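Scroll down for the structure; my scribbles are underneath it.
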Amino acid sequence: MSDQQFKNAGGKGDDEFEAGADAGQVQAASSTSDIDSMLDEIDGVLETNASEFVSGFVQKGGE
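Take the sequence shown: its position 9, counting from 1, is numbered 9 in UniProt numbering, and each next residue is one higher.
The structure is reproduced here in structure tokens:
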């Protein structure tokens, strides 16, 4: 068993893997900026009318 050598039977080579990783990083950066902009929008809403925003989540009798 120790004398056997295993070969890569296909799949992605190192170059293809690195290109895929770069694309994932670009997508993650895009998602991060989208999340940041959404959080900024929520902060703006909370600064202007926090009590109205919170009252929308208050449970009322029997809900």
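Quick reminder that beta carbons are idealized off the backbone N, C-alpha and C, glycines included.
Because the structure is a prediction, the values reported are computed rather than measured.
**Q.** Inter-residue CB distance, Leu-46 and Phe-57 (contact presumed, cutoff 8 Å)
**A.** That pair is no contact at about 12 Å.
Q. Going straight from the alpha carbon of Gln-27 to that of Ser-33, what length do you get?
A. 10 Å
Q.
Could you tell me the alpha carbon to alpha carbon distance between Ser-30 and Ser-37, rounded to whole angstroms?
A. 11 Å
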